[in-house]
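Residue numbers (the working numbering), protein chains in the order written: chain Z, 253 to 786; chain R, 383 to 575.
Encoded as structure tokens, the structure appears first; notes follow it.
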Amino acid sequence: MPTRLLLGNESLAQGAIDAGLSGAYAYPGTPSTEITAYVLRSPQVAAGEVRCAWTANEKTALEAALGMSYGGKRAMASMKHVGLNVAADPFINSAISGTHGGLIINVADDPSMHSSQNEQDSRVYLDLSMMPCIEPADQQEAYQVPGVAFALSERYRIPVMIRLTTRLCHSRATVTTGEGQPRNEFSYPDNPKRFILLPALARKSYARLLDRQADFVHESETSLFTRYFEGTDLSTGIMACGTAYHYVREIVGEDCPHPILKIGQYPLPIGLIERMTSQCNRILVFEDGYPYLENKLRGLPVRQTPAIHGRLTGHLPRTGELSPDAVAGAFGTEPIRNEPSTVPAPRPPALCPGCPHIDTCKALNTVLKAGEDASGRLFSDIGCYTLSALPPYESVDTCIEMGASITMAKGASQAGLHPAVALIGDSTFTHSGMTGLLDCVNENANVTVVIVDNLTIAMTGGQTSSATNRLADICAGLGVDPDHIRIITPLPNKHEENVNVLRQEIAHTGPSVVIAVRECIQTARRSRSKGGSS
Amino acid sequence: MKRNLILAGVGGQGLLALAAVIGEAARSLDLHVLQAEVHGMAQRGGVVQSHLRYSNQPIHSALIKDGTAHLILSLEPMEALRYVPQLAADGAIVANSVPFKNIPNYPDEHAVETEIRHVPVHRLIDAVELAKAAGAVQATNMVMLGAGAPFLELPMQILQAAIRSVFSSKSEAMIETNLRAFQSGFSASQAAE
């Protein structure tokens with residue numbers, strides 16, 4: 253069989269294509285982006301056999317995937333962990349309606365917040381939605397997961413979440429790939445009333461979902477991705493979820509005297525868990541992300557036997573991703589390491605030299621931060637421009653989540669803050685900013701919205717942005733006075749001009765929009781030269 | 383046989399291509415390969431590193447345990463020093479000697495060099511100069527691949543084939559430049575021994 257060196261994300265994507273995928277939808281977000289980027293590059297997409305697209309946001313991605321499932325075909329939506337917050341509504345309700353063609357929802361968590369504002373653990377959403385979930389432990393499993401998950405989804409007519417973490421998403425390994433399966437033909441759902449969640453019908457569907465829970469537990473216990481390794485030393489039993497299993501193996505080796513429960517599917521395999529808790533004096537729990545399993549094992553009031561040790565008891569760090577050193581520490585092994593060098597200085601990520609955001613932020617600094625009146629605040633959003641929070645610019649004052657810039661600026665202006673300026677990228681605006689701007693128009697909020705349009709989704713690597721060249725029309729369509737929709741070019745030699753435009757629009761009472769249009773320096777460079785060795 | 387490598391650099395220096403070549407070389411020998419990469423926000427001119435492990439035995443952890451790296455191969459001198467805690471007692475540092483200064487508080491260059499020279503096995507290579515001589519400054523990463531090659535336990539012709547494979551979408555001239563850069567890095571590393 254052929255082996256290939258694939259990222260966890262690429263393995264999963266190839267596994268989905270080989271498992272008869274018909275549609276893949278996503279909004280890019282680290283660490284999930286490469287799943288959909290890989291499908292987009294596939295020959296199946298080029299041949300028109302698989303539909304794949306970047307969507308406006310994660311909610312529209314999941315809804316489109318649910319629609320493709322309604323048509324009997326295998327579909328997936330992919331997102332980062334905070335994207336699941338955006339898609340939470342269809343996530344929870346599609347578990348009640350159920351599916352027709354197989355539907356998988358890939359959610360990539362980012363413990364340690366490598367590229368995120370929090371390290372929320374998506375498994376907590378399983379308690380809300382009560383859908384099954386598979387958590388691959390390595391790249392080979394990531395390749396196998398879609399086939400198993402699509403079959404599970406079609407067996408129970410339920411979406412299946414795939415939980416990934418950064419380290420698996422962004423690590424390469426040799427992966428053995430197999431043959432492709434045929435794709436489903438179009439078909440109507442057998443019981444279309446399931447998809448109408450009117451209360452009377454939803455109650456029936458909800459009861460059906462609850463009835464299935466015991467089956468889901470049984471599926472987890474017999475899953476390809478769950479395994480109980482017997483041991484002779486029962487003083488300690490080890491439970492490890494997903495990739496944590498391999499950190500444990502790295503430390504304890506192949507001949508571990510303790511029993512090990514490798515957990516790769518949810519709801520939690522209660523029977524196997526009971527087997528270990530009834531045999532062992534203590535349980536050591538390894539999981540990346542929140543102490544999800546550990547909390548459930550401890551119970552309320554906290555159980556005394558067996559003792560449950562993990563992130564909540566100081567045996568492992570409470571926050572941050574797992575590492576072989578952290579896992580070794582839980583087994584009481586002291587690391588042998590050199591003293592760190594005191595020479596290196598921190599090197600935080602920065603806006604690229606020549607980035608258009610630099611010129612926009614300089615103009616905004618002149619207007620808001622320089623001079624006698626520094627009463628204004630810049631409410632920012634998620635994107636490269638958030639890096640202007642760092643020296644030397646220190647331009648933005650907030651960054652909470654996708655779309656929060658416009659609506660927070662509106663609320664702050666209504667609290668008495670002036671000037672209240674929002675800074676938002678083109679794709680973040682279409683993801684979650686447009687509705688907030690409509691609120692501003694409806695309330696005649698005294699807000700200036702600066703849309704930095706670099707013609708791409710830059711931070712995740714240059715994906716197609718939803719509304720390139722249509723932003724002014726969208727703002728006018730939402731009801732912003734066309735006289736107060738201004739286009740500027742963020743370049744050093746236009747600084748004075750741009751400052752004047754910003755001052756004029758801040759002086760205008762009511763909503764105004766300034767669109768700063770210049771292509772991302774990275775995508776511009778890439779399209780200019782296809783050569784180079786990087 | 384098992385190798386634990388830490389590849390170090392700054393976003394935009396071509397670290398992932400360097401990792402891809404070594405990974406492909408190891409894969410082509412049917413070795414087990416695990417390689418952790420950095421994507422996303424950090425790639426914007428910040429610190430990037432990759433843990434690359436290969437062995438004829440199965441490997442479990444994508445991350446390298448402290449004190450067990452055989453080699454720190456760095457595209458930038460200061461970045462090499464960031465990973466000293468992970469270096470094994472008999473591990474080597476092979477670093478490009480040309481600093482990449484995109485921060486205001488870059489430390490004294492002599493302090494950086496002195497610290498690298500404290501590591502018993504080290505190579506400091508002016509990779510930018512060698513890349514220019516080979517035909518393209520962008521081939522600095524391939525010069526450093528050559529400089530690190532004596533420590534990789536992978537045959538030269540396998541590495542050369544991997545360069546061809548990873549850059550197969552580039553022009554033949556570009557591939558030749560990369561191969562020249564690789565060779566000159568190797569020679570410089572041998573001469574510095």
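Even glycine gets a Cβ: it sits at the ideal position worked out from N, Cα and C.
Treat the numbers as computed from the prediction; the structure is a model and nothing was measured.
What does residue i reach in chain R if we use C-beta pairs closer than 7 Å?
| i | result |
| --- | --- |
| Z:His-498 | His-442, Ser-443 |
| Z:Leu-630 | In chain order: nothing, as chain R lies at least about 20 Å away. |
| Z:Glu-247 | With chain Z represented from 253 up to 786, any question about residue 247 of chain Z goes unanswered, as that position is not in the structure. |
| Z:Leu-639 | Arg-426 |
| Z:Ala-582 | Chain R residues near Z:Ala-582: none, gap ~14 Å exceeds 7 Å. |
| Z:Cys-233 | Residue 233 of chain Z cannot be examined here, being either before or after the span of chain Z that is shown, 253 to 786. |
Of the residues the options, which one's Cα is nearest the Cα of residue i?
| i | options | result |
| --- | --- | --- |
| Z:Leu-273 | Z:Gly-281, Z:Gly-628, Z:Ala-776, Z:Gly-323 | Z:Gly-323 |
| R:Leu-387 | R:Gly-396, R:Gly-530, R:Asn-484, R:Gly-427 | R:Gly-530 |
| Z:Asp-725 | Z:Ile-287, Z:Leu-536, Z:Thr-682 | Z:Thr-682 |
| Z:Ser-632 | Z:Asp-625, Z:Ser-640, Z:Asn-694 | Z:Ser-640 |
| R:Ile-540 | R:Ala-408, R:Pro-481, R:Lys-552, R:Asn-438 | R:Ala-408 |
| Z:Cys-607 | Z:Thr-741, Z:Gln-531, Z:Cys-692, Z:Thr-650 | Z:Thr-741 |
| Z:Thr-618 | Z:Asn-358, Z:His-747, Z:Asn-721 | Z:His-747 |
| Z:Arg-789 | Z:His-366, Z:Glu-310, Z:Arg-293 | Lying before the first or after the last residue shown, residue 789 of chain Z is absent from chain Z, which here runs from 253 to 786. |
| Z:Asn-698 | Z:Gln-391, Z:His-670, Z:Tyr-542 | Z:His-670 |
| R:Gly-394 | R:Pro-467, R:Asn-523, R:Gly-567 | R:Asn-523 |
| Z:Asn-696 | Z:His-736, Z:Cys-508, Z:Arg-722 | Z:His-736 |
| R:Ser-479 | R:Phe-568, R:Ser-547, R:Asn-487, R:Glu-495 | R:Glu-495 |
| Z:Leu-218 | Z:Asp-362, Z:Asp-442, Z:Val-579, Z:Cys-385 | Nothing about residue 218 of chain Z can be read from this structure; chain Z reaches only from 253 to 786. |
| Z:Pro-280 | Z:Val-291, Z:Asp-270, Z:Asp-540 | Z:Val-291 |
| R:Ala-570 | R:Gln-542, R:Leu-411, R:Pro-532 | R:Pro-532 |
| Z:Arg-409 | Z:Gly-668, Z:Tyr-458, Z:Arg-435 | Z:Tyr-458 |
| Z:Gly-260 | Z:Gln-392, Z:Ala-271, Z:Tyr-277 | Z:Gln-392 |
| R:Gly-428 | Z:Asp-678, Z:Gly-505, Z:Pro-600, Z:Cys-636 | Z:Pro-600 |
So residue i and residue j are supposed to be a Cβ contact under 8 Å. How far apart are they, rounded?
| i | j | result |
| --- | --- | --- |
| Z:Leu-568 | Z:Ala-602 | At roughly 33 Å, the Cβ-Cβ gap does not stay under 8 Å, so Z:Leu-568 and Z:Ala-602 are not in contact. |
| Z:Pro-398 | Z:Ala-268 | 4 Å |
| Z:Tyr-497 | Z:Ala-389 | 5 Å |
| Z:Arg-424 | Z:Leu-257 | 5 Å |
| R:Arg-505 | R:Ala-574 | 5 Å |
| Z:Met-328 | Z:Ile-356 | 5 Å |
| Z:Leu-689 | Z:Cys-727 | 7 Å |
| Z:Asn-309 | Z:Val-334 | Their Cβ separation, rounded to whole angstroms, is 11 Å, which puts Z:Asn-309 and Z:Val-334 out of contact at 8 Å. |
| R:Leu-381 | R:Ala-451 | There is simply no residue 381 of chain R to check, as chain R begins at 383 and stops at 575 in what is shown. |
List the residues of chain Z whose Cβ lies closer than 8 Å to the Cβ of residue i, in chain order.
| i | result |
| --- | --- |
| R:Gly-393 | Pro-601 |
| R:Glu-576 | Lying before the first or after the last residue shown, residue 576 of chain R is absent from chain R, which here runs from 383 to 575. |
| R:Met-383 | Within chain Z, no residue comes near R:Met-383; the closest Cβ sits about 15 Å away, beyond 8 Å. |
Taking residue i as the query, report the chain R residues whose CB atoms sit under 8 Å from its CB, ordered along the chain.
| i | result |
| --- | --- |
| Z:Pro-576 | Ser-443, Leu-445, Ile-446, Lys-447 |
| Z:Ser-593 | Leu-463, Arg-464, Val-466, Glu-497 |
| Z:Arg-419 | Ala-418, Ala-444, Leu-445 |
Could you tell me which residues DSSP pairs with residue i in its beta bridges?
| i | result |
| --- | --- |
| Z:Met-413 | Z:Ile-357, Z:Cys-385 |
| Z:Leu-675 | Z:Val-702 |
| Z:Met-491 | Z:Leu-513, Z:Val-537 |
| Z:Cys-304 | Z:Ala-276 |
| Z:Ala-768 | Z:Val-704, Z:Ile-740 |
| Z:Thr-426 | Z:Leu-257 |
| Z:Ala-505 | Reading off the sequence shown, one finds Gly at residue 505 of chain Z, where the question assumed Ala. According to DSSP, which records beta bridges pairwise, Z:Gly-505 is partnered with nothing at all. |
| R:His-414 | R:Ser-437 |
| R:Gly-391 | R:Val-430 |
Which residues in chain Z sit within 9 Å of residue i, going by Cβ to Cβ distance?
| i | result |
| --- | --- |
| R:Leu-469 | Arg-589, Asn-590 |
| R:Val-415 | Leu-257, Arg-424, Ala-425, Thr-426 |
| R:Asn-487 | Ala-597, Pro-598 |
| R:Val-476 | Within 9 Å Cβ-Cβ: nothing; R:Val-476 doesn't reach chain Z, min ~16 Å. |
| R:Asn-438 | In chain order: nothing, as chain Z lies at least about 12 Å away. |
Would you mind telling me which residues of chain Z sit closer than 7 Å to residue i, beta carbon to beta carbon, in chain order?
| i | result |
| --- | --- |
| R:Arg-409 | Thr-255, Leu-257, Thr-426 |
Taking 8 Å as the cut-off, is the CB of residue i close to at least one heavy atom of the ligand PLP?
| i | result |
| --- | --- |
| Z:Leu-536 | Among the ligands in the structure shown, none appear at all, so the ligand PLP cannot be discussed. |
Run through chain R and tell me which residues come within less than 9 Å of residue i, C-beta to C-beta.
| i | result |
| --- | --- |
| Z:Cys-613 | Ordered by position in chain R, no residue passes the 9 Å Cβ test against Z:Cys-613, which lies about 15 Å from the chain. |
| Z:Cys-727 | Ordered by position in chain R, no residue passes the 9 Å Cβ test against Z:Cys-727, which lies about 28 Å from the chain. |
inquiry  = I'd like to know if the region 456-466 of chain Z and the region 479-493 of chain Z are in contact, where contact means that at least 3 CB-CB pairs between them fall below 8 Å.
reply    = no
| request: Count the C-beta pairs between the region 696-713 of chain Z and the region 768-777 of chain Z that are closer than 8 Å, then say yes if the count reaches three, no if not. | output: yes
Self-check item: Segment contact, 8 Å Cβ cut-off, at least three pairs: the region 490-499 of chain R with the region 460-470 of chain R
Solution: yes
- Stretch pair the region 464-482 of chain R + the region 550-557 of chain R: three plus CB contacts closer than 8 Å: no
With contact counted as at least three CB pairs below 8 Å, one residue from each stretch, are the region 524-531 of chain Z and the region 588-602 of chain Z in contact? no
Using 8 Å as the cut-off, can you tell me whether the region 682-694 of chain Z makes contact with the region 715-734 of chain Z, which would need three or more C-beta pairs spanning the two stretches below that distance? yes
Tell me whether the region 338-353 of chain Z and the region 439-451 of chain Z touch, counting them as touching only if at least three CB pairs, one residue from each stretch, are closer than 8 Å.
yes
Quick test of the definition: if touching needs 3 or more C-beta pairs under 8 Å, does the region 427-434 of chain Z touch the region 410-420 of chain R?
Fewer than three beta-carbon pairs drawn from the region 427-434 of chain Z and the region 410-420 of chain R are found closer than 8 Å, and the two stretches are therefore not classed as touching.
If we count Cβ pairs, one from each stretch, closer than 8 Å, do we get three or more for the region 612-627 of chain Z versus the region 650-664 of chain Z?
no
Notebook entry, point to check: Does the count of Cβ pairs from the region 301-320 of chain Z and the region 368-381 of chain Z closer than 8 Å reach three?
Noted result: no
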